[in-house]
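By the count of my numbering, the sequence shown reaches residue 663 at its end, each step adding exactly one.
Since the structure comes first, as structure tokens, the remarks are kept for the end.
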Amino acid sequence: MQSIKLNFQVSHSLAELFTYTLSALGAEGVTTVDREELAGLYDGRPALNYAMDDYLASLPEEARVEAYFKPAQPWAQVAENNQVLVDLDRDYQAELYEPEHTQPLSLKALLALLEDKVQIFQENLGGSCSFEGAEIIEDEDWDHQWQEFYQPLRLSRRLTVCPSWLSYEPDPEEMVLKIDPGRAFGTGYHESTELCLKALDDLAYDQPAFFQEARTLDLGTGSGILAIALAKLGARHIEAVDIDPDAVTVAQENFQGNQVADRIQAATGELNQLKGPYHILVANLIAKLHIDLAEAYPHYLAPGGYLILSGIIDEQFPKVRQAFAQTDLVLEEARLKHDWWTLIFRKLDA
Ligand code: SAM
Numbered sequence: 314m315q316s317i318k319l320n321f322q323v324s325h326s327l328a329e330l331f332t333y334t335l336s337a338l339g340a341e342g343v344t345t346v347d348r349e350e351l352a353g354l355y356d357g358r359p360a361l362n363y364a365m366d367d368y369l370a371s372l373p374e375e376a377r378v379e380a381y382f383k384p385a386q387p388w389a390q391v392a393e394n395n396q397v398l399v400d401l402d403r404d405y406q407a408e409l410y411e412p413e414h415t416q417p418l419s420l421k422a423l424l425a426l427l428e429d430k431v432q433i434f435q436e437n438l439g440g441s442c443s444f445e446g447a448e449i450i451e452d453e454d455w456d457h458q459w460q461e462f463y464q465p466l467r468l469s470r471r472l473t474v475c476p477s478w479l480s481y482e483p484d485p486e487e488m489v490l491k492i493d494p495g496r497a498f499g500t501g502y503h504e505s506t507e508l509c510l511k512a513l514d515d516l517a518y519d520q521p522a523f524f525q526e527a528r529t530l531d532l533g534t535g536s537g538i539l540a541i542a543l544a545k546l547g548a549r550h551i552e553a554v555d556i557d558p559d560a561v562t563v564a565q566e567n568f569q570g571n572q573v574a575d576r577i578q579a580a581t582g583e584l585n586q587l588k589g590p591y592h593i594l595v596a597n598l599i600a601k602l603h604i605d606l607a608e609a610y611p612h613y614l615a616p617g618g619y620l621i622l623s624g625i626i627d628e629q630f631p632k633v634r635q636a637f638a639q640t641d642l643v644l645e646e647a648r649l650k651h652d653w654w655t656l657i658f659r660k661l662d663a
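This is how it looks when you write it as structure tokens:
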């Protein structure tokens, strides 16, 4: 099988969103090697399976992003017509979509579309992005290339994320989340996920009885990582939803792989389709969505309930805080890692 591989050099500030956008635009696979992200992850932690220092030193400063698209027709014709099949059917975030582009798209048009997205990201995040050329790949096993970068990592007091295809011997107090993210977001490596895992772990540690009985929701479950964490930390009533049906499929596979499927109700959907109220609602989305949902969130929280919001890039933090100032939620804690904020709100007892 042939794939078209597109090569990009991207600043760290843009790498995550850029990678995500490529997947949303229909890339069959995206691999990202980001020195800054890897360095941050391993900072102060024992490198687990390979010589991290040498490896990091060998990487360029900018992140290297490779995206694999299916050609609409054999390469000879692709070269002639410059056509790449871009499947935009995955309906994940309305503002990133151009619904009219559901037909095969020329490589030039695809790059123009990407440039538009990058410009929007740059307004908020700065940084640069350059296209470094395209090549045809025969029988490339891109689907598995990224797996070598994904290693077990202790992310909070008790939670360790471990790729589902690796075996790992946990310490007695350690809880292992076995994750195969597939095409969904949520390896645990991103700051926004890590901060949610830490917040959940702390809450479960400090209030185990409350946690066990809490009705909980993982909004935007992606790979299912946060719902699995809720289950492993002791929650008995868990719902997990995502607007992307592919993510829900991936999440359900991960629930089974972690033997927690019987405790988690998974569905494709959005907040306004749910009933609530929840005692713990964790949502790792983007700042704009949190702002849009600021008025709605309190209606889905039980008195005394916690709302954990993540995925808030530093520049957007004031806007999010302002949006929530109009609500009856109290900001109990704001945690920052690199450029990412996680906010812990509480609804006062009635
Ligand atoms: N929960 C995982 C984590 O923490 O790593 C994945 C978070 S990922 C940043 C955001 C997820 O939210 C994506 O899987 C996306 O499809 C989903 N999503 C985006 N907008 C949504 C919405 N309005 N309602 C529910 N899910 C949404």
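All C-beta atoms in this analysis are idealised placements derived from N, C-alpha and C, irrespective of residue type, glycine included.
Source: prediction; values computed, not measured.
Taking Cβ positions, are G267 and S536 nearer each other than 7 angstroms? Nothing can be reported for residue 267, as the shown portion of the chain is limited to 314 through 663.
Run the proximity test for N585: is its beta-carbon closer than 6 angstroms to any non-hydrogen atom belonging to the ligand SAM? Looking up residue 585 in the sequence shown gives position 272. N585 Cβ: outside cutoff for every heavy atom of the ligand SAM.
Apart from the five residues just before and just after S477, which ones in its own chain have a Cβ nearer than 8 angstroms to its Cβ? The residue you call residue 477 lines up with position 164 of the sequence shown. Only K491, I492, D493, N567, G570 meet the Cβ criterion.
Near the ligand SAM: I556 beta-carbon under 6 angstroms from a heavy atom: As a first step, residue 556 is located in the sequence shown; it is residue number 243 there, counting from the start. Yes, the beta carbon of I556 sits closer than 6 angstroms to at least one heavy atom of the ligand SAM.
Can you have a look at L546 and say buried or exposed, based on whether 16 or more other CB atoms are within 10 angstroms of its CB? For the purposes of this step, residue 546 is identified with residue 233 of the sequence shown, where counting begins at 1. Flag for L546 reads buried.
Say the cut is 6 angstroms; is the CB of N597 nearer than that to a heavy atom of the ligand SAM? The residue you call residue 597 lines up with position 284 of the sequence shown. Yes, the Cβ of N597 comes within 6 angstroms of a heavy atom of the ligand SAM.
Distance between A380 and C509 (C-alpha atoms, nearest Å): For the purposes of this step, residue 509 is identified with residue 196 of the sequence shown, where counting begins at 1. For the purposes of this step, residue 380 is identified with residue 67 of the sequence shown, where counting begins at 1. Roughly 28 angstroms separates the two Cα atoms.
Could you tell me which residues DSSP puts in a beta bridge with A647? The sequence position of residue 647 within the sequence shown is 334, counting from 1. Partner(s): L656.
Provide the residue(s) that pair with Q490 in DSSP beta bridges, ordered along the chain. For the purposes of this step, residue 490 is taken as residue 177 along the sequence shown, with counting starting at 1. For clarity, residue 490 is Leu in the given sequence; the question names Gln instead. Bridge partners of L490: V474.
Thinking C-beta only, is A527 closer than 7 angstroms to A548? Counting from one through the sequence shown, the residue named residue 548 turns up at place 235. Counting from one through the sequence shown, the residue named residue 527 turns up at place 214. Closer than 7 angstroms, so yes.
Inter-residue CB distance, T334 and K430 (contact presumed, cutoff 8 angstroms): For the purposes of this step, residue 334 is identified with residue 21 of the sequence shown, where counting begins at 1. For the purposes of this step, residue 430 is identified with residue 117 of the sequence shown, where counting begins at 1. About 5 angstroms separates the two Cβ atoms, so the contact holds.
Contact between the stretch 314–327 and the stretch 437–453 (3+ Cβ pairs under 8 angstroms): yes
What residues are listed by DSSP as bridge partners for Y381? In the sequence shown, counting from the first residue as 1, residue 381 sits at position 68. DSSP, once it has assigned bridges, lists K318, G342 as partnering Y381.
Can you list, in chain order, the residues of its chain with a C-beta nearer than 8 angstroms to that of F321? Leave out the 5 residues immediately preceding and following it. As a first step, residue 321 is located in the sequence shown; it is residue number 8 there, counting from the start. So the qualifying residues of the chain are F331, R377, V378, E379, A380, C442, S443, F444, E445.
Where do the N-terminal and C-terminal ends of the alpha helix (DSSP H) with N567 fall, by residue? For this step, residue 567 is matched to residue 254 along the sequence shown. Looking at the DSSP string, the run of the alpha helix (DSSP H) that includes N567 is 558–570.
State the Cα-Cα distance for the pair N362 and Y463, rounded to the nearest angstrom. On the sequence shown, position 49 is the one that residue 362 refers to. On the sequence shown, position 150 is the one that residue 463 refers to. The predicted model places N362 with a pLDDT of 43, which falls under 50 and marks its position as unreliable; any figure quoted below should be read in that light. Cα to Cα, N362 sits roughly 10 angstroms from Y463.
Between the CA atoms of L319 and F423 - distance to the nearest angstrom: The residue given as residue 423 occupies position 110 in the sequence shown. The residue given as residue 319 occupies position 6 in the sequence shown. Reading off the sequence shown, one finds Leu at residue 423, where the question assumed Phe. Answer to the nearest angstrom: the Cα atoms are 11 angstroms apart.
Would you mind working out which of D641, T581, A564, Q586 sits nearest A574, comparing C-alpha positions? Taking the sequence shown and counting its residues from 1, one reaches residue 574 at position 261. It is A564 whose Cα lies nearest to the Cα of A574.
Taking only three categories from DSSP, how would you classify D514? Indexing the sequence shown from 1 puts residue 514 at position 201. DSSP places D514 in helix when its eight states are reduced to three.
What span of residues does the alpha helix (DSSP H) with H503 cover, start to end? Counted from its first residue, the sequence shown places residue 503 at position 190. Careful: H503 lies outside any alpha helix (DSSP H) and carries neither H nor E.
Beta carbon of E504, beta carbon of H651: below 7 angstroms? Taking the first residue of the sequence shown as position 1, residue 504 is located at position 191. Taking the first residue of the sequence shown as position 1, residue 651 is located at position 338. Going by C-beta atoms, E504 is nearer than 7 angstroms to H651.
I'd like to know whether the C-beta atoms of V561 and A579 end up nearer to each other than 7 angstroms. Counted from its first residue, the sequence shown places residue 561 at position 248. Counted from its first residue, the sequence shown places residue 579 at position 266. Closer than 7 angstroms, so yes.
State the DSSP-derived secondary structure class of S536, mapped to helix, strand or coil. Position 223 of the sequence shown holds residue 536. Note: S536 maps to coil in three-state DSSP.
Within a Cβ cutoff of 8 angstroms, which residues of the same chain sit near L479, ignoring the five residues on either side of it in sequence? Start at 1 with the first residue of the sequence shown, and residue 479 comes out as number 166. Contacts found: Q464, P465.
Alpha carbon of C475 to alpha carbon of L644, nearest angstrom: Here residue 475 refers to the residue found at position 162 when the sequence shown is read from its first residue. Here residue 644 refers to the residue found at position 331 when the sequence shown is read from its first residue. Approximately 32 angstroms, taken between the alpha carbons.
Give me the Cα-Cα distance between K660 and S419, rounded to the nearest whole angstrom. What you label residue 660 is simply residue 347 of the sequence shown in a count that begins at 1. What you label residue 419 is simply residue 106 of the sequence shown in a count that begins at 1. K660 and S419: Cα-Cα distance of roughly 50 angstroms.
How about L622 and H592: do their beta carbons lie closer than 7 angstroms? By 1-based counting over the sequence shown, the position of residue 622 is 309. By 1-based counting over the sequence shown, the position of residue 592 is 279. Not in contact: L622 and H592 (Cβ atoms no closer than 7 angstroms).
Quick test of your reading: V554 and T534, contact by CB under 8 angstroms. State the CB separation rounded to the nearest angstrom. Against the sequence shown, residue 554 aligns to sequence position 241. Against the sequence shown, residue 534 aligns to sequence position 221. Right, the Cβ-Cβ distance comes to about 6 angstroms (below 8 angstroms), so this counts as a contact.
Would you grab the beta carbon distance between A340 and F382 for me? Rounded to a whole angstrom, and I think it's under 8 angstroms. Residue mapping note: residue 340 aligns to position 27 of the sequence shown, counting from 1. Residue mapping note: residue 382 aligns to position 69 of the sequence shown, counting from 1. Correct: roughly 6 angstroms between the Cβ atoms.
Just how far apart, CA to CA, sit S336 and V343? Residue numbering aside, residue 336 sits at position 23 when the sequence shown is read from its first letter. Residue numbering aside, residue 343 sits at position 30 when the sequence shown is read from its first letter. In a straight line, the C-alpha of S336 is about 7 angstroms away from that of V343.
What number of angstroms, rounded off, separates the C-alpha of G495 from the C-alpha of L472? Counted from its first residue, the sequence shown places residue 495 at position 182. Counted from its first residue, the sequence shown places residue 472 at position 159. Their Cα atoms are separated by approximately 20 angstroms.
Counting only the same chain and skipping the five closest in sequence on each side, list residues whose C-beta sits under 7 angstroms from that of E375. Numbered from its first residue, the sequence shown carries residue 375 at position 62. These residues qualify, in order along the chain: Q322, V323, S324.
Please state the DSSP three-state secondary structure of A579. Numbered from 1 along the sequence shown, position 266 holds the residue referred to as residue 579. Strand at A579.
Using 6 angstroms as the cut-off, classify the Cβ of G535 as near or not near the heavy atoms of the ligand SAM, replying yes or no. Your numbering for residue 535 matches position 222 in the sequence shown. Result yes, Cβ under 6 angstroms from the ligand SAM.
Other residues of its chain near F524: CB distance less than 7 angstroms, five sequence neighbours each side excluded: Position 211 of the sequence shown, counting from 1, holds the residue named residue 524. The residues are L516, A517, L546, G547, A548.
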